[in-house]
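Visitor: Attaching a single structure in C-alpha cells format; questions to follow.
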Amino acid sequence: MAGCSYWHPNGFIKLVIEERPGWGQLRLHVWPTARADDDVHDHAWQYESVVVGGDVREVRYREVADEVGNEMWRHSYGMTGHRRFTLRDPVPVRVVKEPHSHDFHTGDRSGGAPGHVHRFFAVTAPTVTLLRVGPILTPFSHVYRTESGPQPALVPRPTSRADVAEWVDHVRRLATASLAG
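Using this note's numbering, the letters of the sequence shown correspond one by one to residues 1 to 181.
Structural data, given as C-alpha cells:
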C-alpha cells in the first residue's frame with residue numbers, strides 16, 4: 001500500500017486500498033491537520049466519497065466568460081512518472097466561487113464528475129474520507145492558479161510503512177467506534 005500511496009500537496013495522505021484497470025481506485029484520504037489552502041481543481045474521473053470521521057468542506061467554482069470573477073490560469077496536469085505530476089498548458093480564465101459551501105460530516109456522502117471544479121479540505125482534524133474513484137474519462141485534470149507558469153513538477157512526499165500503519169490503524173479505530181455507537 002505504501003508504494004501506491006503518497007502525501008498529497010493539498011495536505012492529506014492518499015492511501016490506495018485497491019486499484020483495477022478500467023475500474024479505478026478505492027482510497028482513503030486522511031487529513032492529519034485542518035487547512036484550507038489547497039488548490040482549486042477538477043478531476044478527470046467521477047468519484048463518490050463518504051466521510052468516515054471528521055468534517056470536510058467543499059467550495060465549488062465555475063468558469064465564466066464575462067468580466068466577473070477572479071482571473072486565474074487553468075493548468076492541465078497529469079502524471080509524468082511514478083508519483084510525479086506536471087502542470088502545463090496554462091490558459092487564462094475567469095473563475096467565480098459558488099455562493100454556498102457544502103459541509104460534510106461523519107457518514108455524509110458527496111461526489112463529482114469530470115469538470116466539477118472545487119476545493120475540498122478538512123475543517124476538523126484528523127478527518128478521513130473513503131473514496132471510490134472511477135477510471136479516467138478525460139485526458140487531463142486541471143489546477144487553477146494565480147500564476148501562469150512555468151510550474152515546477154509536483155513530486156509528492158512518499159508514504160512510509162509507518163505512515164500507512166498509523167493512519168490505517170486510526171481508520172480502524174474510527175470504524176470500530178462508529179459500529180459500537
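All C-beta atoms, glycine included, are put in the ideal place defined by N, C-alpha and C.
Below 6 Å CB to CB, which residues in the same chain sit around Arg88 once its five sequence neighbours on both sides are set aside?
Guide: Excluding positions up to five away in sequence, the list reads Ser76.
Visitor: Using 7 Å as the threshold, is the C-beta distance between Arg35 and Gly11 below it?
Guide: A contact, by the Cβ cut-off of 7 Å.
Visitor: Rounded to whole angstroms, what is the Cα-Cα separation between Pro111 and Pro139?
Guide: The residue you asked about is not Pro; residue 111 is Gly in the sequence shown. If I take the Cα positions, the gap works out to 20 Å.
Visitor: Cα separation between Asn70 and Glu48?
Guide: The straight-line gap from Cα to Cα measures roughly 29 Å.
Visitor: To the nearest angstrom, report how far apart Thr176 and His100 are at their CA atoms.
Guide: One C-alpha to the other measures close to 33 Å.
Visitor: Take the Cβ of Asp42 as the centre, count every other Cβ of all protein chains shown within 10 Å, and call the residue buried at 16 or more, exposed below.
Guide: Per the 10 Å Cβ criterion, buried.
Visitor: Are the beta-carbon atoms of Thr159 and Tyr61 separated by less than 7 Å?
Guide: Cβ atoms of Thr159 and Tyr61: not closer than 7 Å.
Visitor: In chain order, which continuous runs of the beta strand (DSSP E) of length 3 or greater are located wholly inside the segment 123 to 181?
Guide: DSSP runs (the beta strand (DSSP E)) wholly in the segment 123 to 181: 127 to 133 and 141 to 145.
Visitor: Exposed or buried, what is Arg20 when buried is set at 16 or more other beta-carbons lying within 10 Å of its beta-carbon?
Guide: With fewer than 16 other Cβ atoms within 10 Å, it is exposed.
Visitor: Within 10 angstroms of the Cβ of Ser148, are there 16 or more other Cβ atoms? Answer buried if so, exposed if not.
Guide: Exposed.
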